[in-house]
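K.L.:
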Amino acid sequence: MSADLQALLDGPVLDVAPRLLNAVLRKGAVAVRVTEVEAYDGPNDPGSHAFNGPTRRNEIMYGEPGHLYVYFTYGMHHCCNVVVGPEGTASAVLVRAGEIIDGLETARSRRPKSRDRDLARGPARLCKALDIDLSDNTADLRSGVLTLQLSGEPEPTFATGPRVGLRGAADRPWRFWIDGDPTVSTYRPAVVRTRKAQG
DNA sequence: CCTACGATCGTCT
DNA sequence: GACGATCGTAGGT
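Following the numbering used here, the numbering of the first sequence begins with 372 at its first residue and continues without gaps.
As structure tokens, then:
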């Protein structure tokens, strides 16, 4: 099983991304069935963290597929990606949303004010429900506390559209989701932030 | 359902 | 020093 994961992820990111729909991402007692992802195509993609070449933060993207890339953003949120494609291509798939299929009580305790369908509805919410943070960056998803299991069959009814919250390359329809699933996040365009008043 | 807005800090220039 | 692959809340429709 573990050997398969590496092979299944070792292809073009636009082919691999929809194959992650219905995959199960687990950390410890909590497991999520993935319902929404986005593809990021390494240095060719203005939306990718690897667009400007290697840095300390994105280093793991250049490594072998099947590892987790976790980043911290907006001063308070974590998001996680599965590194895919041949080593060195620096492509990754952002895990944007999912349905809790195990450890529901634990997930609820981590996000007490959420309705169940909102527990992992959004990339930072999903990381919160799974207790994923920077200490999980670079984790090998084949074994250990964090694991990824792909479903045997490709999801037959997925939809595609523009990625969420991007300023660059906002036109590329590289978001993939399971059509009609209530745990898929709502689309939000990039926002222009207003400068805080000088004091 | 929708839109608007502020929180808050790691990362890169 | 500027910005962000976001979220929760407030308030309107």
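All C-beta atoms, glycine included, are put in the ideal place defined by N, C-alpha and C. Fair warning: this is a prediction, and the values are worked out from it, not measured in the lab.
Taking C-alpha atoms, which residue in Val441, Val408 and Gly539 lies nearest to Asp552?
P.N.:
Taking the first residue of the first sequence as position 1, residue 552 is located at position 181. Answer by Cα proximity: Val408.
K.L.:
My guess is that Val403 and Leu396 are in contact by the Cβ rule of under 8 angstroms, so how many angstroms apart are they, rounded?
P.N.:
Along the first sequence, one-based indexing puts residue 403 at 32. Along the first sequence, one-based indexing puts residue 396 at 25. With 8 angstroms as the limit, Val403 and Leu396 qualify as a contact, their Cβ atoms being about 5 angstroms apart.
K.L.:
For Leu391, which residues in the same chain have their Cβ closer than 6 angstroms to its Cβ, ignoring the five residues on either side in sequence?
P.N.:
Residue numbering aside, residue 391 sits at position 20 when the first sequence is read from its first letter. Cβ within range, chain order: Val405, Val408 and Val464.
K.L.:
On the premise that Leu439 lies in contact with Asn393, defined as a C-beta separation below 8 angstroms, what is that separation, rounded to the nearest angstrom?
P.N.:
Here residue 393 refers to the residue found at position 22 of the first sequence. Here residue 439 refers to the residue found at position 68 of the first sequence. Contact doesn't hold; Cβ gap of about 18 angstroms is too wide.
K.L.:
Check whether the stretch 451 to 468 touches the stretch 419 to 434, taking contact to mean three or more Cβ pairs, one atom from each stretch, closer than 8 angstroms.
P.N.:
Counting Cβ pairs under 8 angstroms, three or more are found: they touch.
K.L.:
Shortest alpha-carbon distance to Gly474 belongs to which of Asp502, Arg467 and Gly493?
P.N.:
Here residue 474 is taken as the residue at index 103 of the first sequence, counted from 1. Looking at the Cα atoms, Asp502 is the closest of the given residues.
K.L.:
For Pro389, which residues of its own chain have a beta-carbon under 6 angstroms away from its beta-carbon, when the five flanking residues on both sides are left out?
P.N.:
Stepping through the first sequence from its first residue, residue 389 is reached at position 18. The residues are Phe529 and Phe547.
K.L.:
Per the DSSP calculation, His420 is bridged to which residue(s)?
P.N.:
Reading the first sequence from its first residue, position 49 is the one you call residue 420. His420 pairs with nothing; no bridge assigned.
K.L.:
Counting along the chain, where does the beta strand (DSSP E) carrying Thr444 start and finish?
P.N.:
To locate residue 444, count along the first sequence from 1; it is residue 73. From DSSP, the beta strand (DSSP E) with Thr444 extends over Leu439 to Thr444.
K.L.:
Quick check: the stretch 481 to 499 against the stretch 514 to 525, are at least 3 beta-carbon pairs closer than 8 angstroms?
P.N.:
Cβ pair count under 8 angstroms is below three, so no.
K.L.:
May I ask you to list the residues that DSSP assigns as paired with Trp545?
P.N.:
Translated into the one-based positions of the first sequence, residue 545 becomes position 174. Answer is none; Trp545 lacks a bridge partner.
K.L.:
By DSSP, does Asn429 sit in helix, in strand, or in coil?
P.N.:
Locating residue 429 in the first sequence gives position 58, where the first residue counts as 1. Of the three classes helix, strand and coil, the one that applies to Asn429 here is coil, per DSSP.
K.L.:
Between which residues of its own chain and Gly434 is the CB-CB distance below 7 angstroms, once the five residues before and five after are set aside?
P.N.:
In the first sequence, counting from the first residue as 1, residue 434 sits at position 63. Contacts found: Val454 and Glu458.
K.L.:
Around the C-beta of Leu505, are 16 or more other C-beta atoms found within 10 angstroms, so that it is buried, or is it exposed?
P.N.:
In the first sequence, the residue the question calls residue 505 occupies position 134. It counts as exposed.
K.L.:
State the CB to CB distance for the pair Lys499 and Arg481, rounded to an integer number of angstroms; the pair is presumed to be in contact (CB under 8 angstroms).
P.N.:
If you number the first sequence from 1, residue 499 lands on position 128. If you number the first sequence from 1, residue 481 lands on position 110. With a Cβ gap of about 6 angstroms, Lys499 and Arg481 count as contacting.
K.L.:
Around the Cβ of Val398, are there at least 16 other Cβ atoms within 10 angstroms (buried) or fewer (exposed)?
P.N.:
By 1-based counting over the first sequence, the position of residue 398 is 27. The sequence shown places Lys at residue 398, rather than the Val named in the question. When all chains shown are included, Lys398 counts as buried.
K.L.:
Quick check on Glu476: buried or exposed, where buried means 16 or more other Cβ atoms within 10 Å of its Cβ?
P.N.:
Position 105 of the first sequence holds residue 476. Looking at its Cβ environment, which holds fewer than 16 other Cβ atoms inside 10 Å, Glu476 is exposed.
K.L.:
For Leu385, tell me which candidate among Arg534, Thr557, Val555 and Asp550 has the shortest Cα-Cα distance.
P.N.:
Mapped onto the first sequence, residue 385 falls at position 14. Of the listed residues, the one whose Cα sits closest to Leu385 is Arg534.
K.L.:
In angstroms, rounded to a whole number, what distance separates the CA positions of Pro483 and Gly446?
P.N.:
As a working mapping, residue 483 is identified with position 112 in the first sequence. As a working mapping, residue 446 is identified with position 75 in the first sequence. Pro483 and Gly446: Cα-Cα distance of roughly 21 angstroms.
K.L.:
If you compare alpha carbons, which of Thr554, Pro425 and Gln377 is closest to Arg467?
P.N.:
Within the first sequence, numbered from 1, the residue matching residue 467 stands at position 96. Ranking Thr554, Pro425 and Gln377 by Cα distance to Arg467 puts Thr554 first.
K.L.:
Taking C-beta to C-beta, are Leu376 and Leu519 nearer than 8 angstroms?
P.N.:
As a first step, residue 376 is located in the first sequence; it is residue number 5 there, counting from the start. As a first step, residue 519 is located in the first sequence; it is residue number 148 there, counting from the start. Yes.
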